[in-house]
Amino acid sequence: MKLLYEFIPRLDFVSSAAKVEDLVDGWNITDSAGGAPAPSGTAVACVLKQIYPDKIAIPMLITNYKGTVEIGSVALAAEAMGVEGMLPDPGDPPRYGSLIRPFEDGSFELISDPDKILEYRRSTGPAEGVRDFIRNTVKVNNVKFGCLLTARVPAESAIKRIQDSWDFCFFLRLEEASVPKLKEIAAECKRLGKPIYPYFVVGTEKNQKTLQRIGWPASTTMDRAEEFLADLEGVVDGIIPTCLGDAAGDMELLERIQKFRT
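Using my numbering, you'd call the opening residue of the sequence shown number 5 and step up by one each time.
Below is the structure:
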């Protein structure tokens with residue numbers, strides 16, 4: 005089981021990565037999470053890949069803040085630096101300016117109406133269009149592209165999505181109740197030869213407000229983390245462990261789950 009640590013880059017991201025390098029197999033890197041400017045997910049992935057060539061780097065590719073030229077540019081940078089994969093997703097509305105909706109043909113539109121923004125964010129087609137634009141128009145050949153699956157939708161819908169031209173997937177909202185759904189989806193991923201990595205969100209005293217703000221359930225508590233993961237051995241290819249901003253919790257969690265690394 006690979007540990008792809010959820011990495012929220014700040015100005016000190018190089019030193020932050022060094023603190024966990026021996027505890028992880030790679031990083032899932034956020035891309036201006038929440039719509040606020042932060043070091044680019046792809047730029048950070050390229051730097052980490054240069055420093056740690058044997059580690060996996062998979063940045064988010066949040067498209068709400070990027071025109072199609074920028075989308076193609078960062079994908080080409082990832083290709084040049086050997087970044088393993090990217091995960092395109094509309095993401096949160098930008099804190100500044102209008103939301104940008106890209107299309108597969110390279111065109112885009114600006115959206116400012118709140119109802120249209122909500123409708124757009126709830127759709128999945130934008131990610132498929134971005135993926136195909138990068139592959140077919142920009143001609144990025146080696147970077148793998150993944151999609152986000154969620155426990156909110158029926159397993160049949162998630163399976164139908166991963167059966168499309170995606171190379172891998174991340175799974176959101178893992179908790180005790182959604183484990184059967186994850187196992188059903190993971191079985192199809194295994195049949196297709198496509199890796200699946202669920203977000204493994206551990207609740208702590210310090211991150212309760214963050215969990216409430218973003219509306220995510222905790223997968224489990226720190227005390228039950230190892231028991232929970234034992235049930236996923238052989239089911240998933242890896243996990244994305246996070247305590248959502250609780251840095252001390254992250255370190256404790258990573259140390260606790262080392263025995264699951266393969």
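All residues carry an ideal CB built from backbone N, CA and C; glycine is no exception.
Computed from a predicted structure; not experimentally measured.
* Simplified DSSP state of R195, which is helix, strand or coil -> Helix, per DSSP.
* Beta-bridge pairing of R125 - partner residues as DSSP gives them -> When beta bridges are read from the DSSP output, R125 appears opposite no residue.
* Please classify P41: is it buried, with 16 or more other beta-carbons within 10 angstroms of its beta-carbon, or exposed? => The residue is exposed, with fewer than 16 neighbouring Cβ atoms inside 10 Å.
* Mind listing, in chain order, the continuous alpha helix (DSSP H) runs of no fewer than 4 residues lying wholly within the stretch 87-127? => Residue ranges of uninterrupted alpha helix (DSSP H) with 4 or more members, entirely inside the stretch 87-127 and ordered along the chain, are 118-125.
* State buried or exposed for I3, treating a residue as buried only when at least 16 other CB atoms are found within 10 Å of its CB. => Because the chain in this structure spans residues 5 to 266, residue 3 falls outside the shown range and cannot be described.
* Through-space distance from G39 to R217, alpha-carbon basis -> One Cα belongs to R217, the other to G39, and the distance between them is close to 14 angstroms.
* Evaluate the contact criterion for the stretch 91-99 versus the stretch 119-139: three or more CB pairs, one atom per stretch, below 8 angstroms. => These segments touch.
* Asked: Hey, how far is the Cα of C173 from the Cα of E74?
  -> Answer to the nearest angstrom: the Cα atoms are 23 angstroms apart.
* Cα-Cα separation between A159 and T266, rounded to whole angstroms -> C-alpha separation (whole angstroms): 27 angstroms.
* From the DSSP output, which residues share a beta bridge with C173? -> For C173, which the question treats as bridged, DSSP gives the partners C151, I200.
* Asked: Does the beta-carbon of P184 have 16 or more other beta-carbons within 10 angstroms, so that it is buried, or is it exposed?
  -> Flag for P184 reads exposed.
* Asked: What are the boundary residues of the beta strand (DSSP E) that includes L215?
  -> No beta strand (DSSP E) holds L215; the alpha helix (DSSP H) holding it covers 212-218.
* Asked: Can you pull the DSSP bridge partners for N146?
  -> According to DSSP, N146 bridges with nothing at all.
* To do: Express the C-alpha separation of I33 and I62 in angstroms, rounding to a whole number.
  => In this model, I62 and I33 are separated by some 6 angstroms (Cα to Cα).
* Could you name the residues that DSSP lists as bridge partners for A61? => A61 is bridged to W31.
* Report all residues from its chain with a CB closer than 6 angstroms to the CB of G76; omit the five preceding and five following residues, and keep chain order. => These residues qualify, in order along the chain: V142.
* To do: Output the distance between the C-alpha atoms of L176 and G133, rounded to the nearest integer angstrom.
  => About 21 angstroms.
* Asked: beta strand (DSSP E) containing L8: first to last residue?
  -> Looking at the DSSP string, the run of the beta strand (DSSP E) that includes L8 is 6-11.
* When the Cα atoms are used, what is the spatial distance from L248 to L8? -> So the alpha carbons of these two residues sit roughly 14 angstroms apart.
* Burial state of D93 (16 or more Cβ within 10 Å) -> The Cβ neighbour count for D93, taken over all protein chains shown within 10 Å, is at least 16; the residue is labelled buried.
* To do: Look at the alpha carbon of A79 and the alpha carbon of D171, and state the distance between them as a whole number of angstroms.
  => Put simply, the backbone Cα of A79 is about 15 angstroms away from that of D171.
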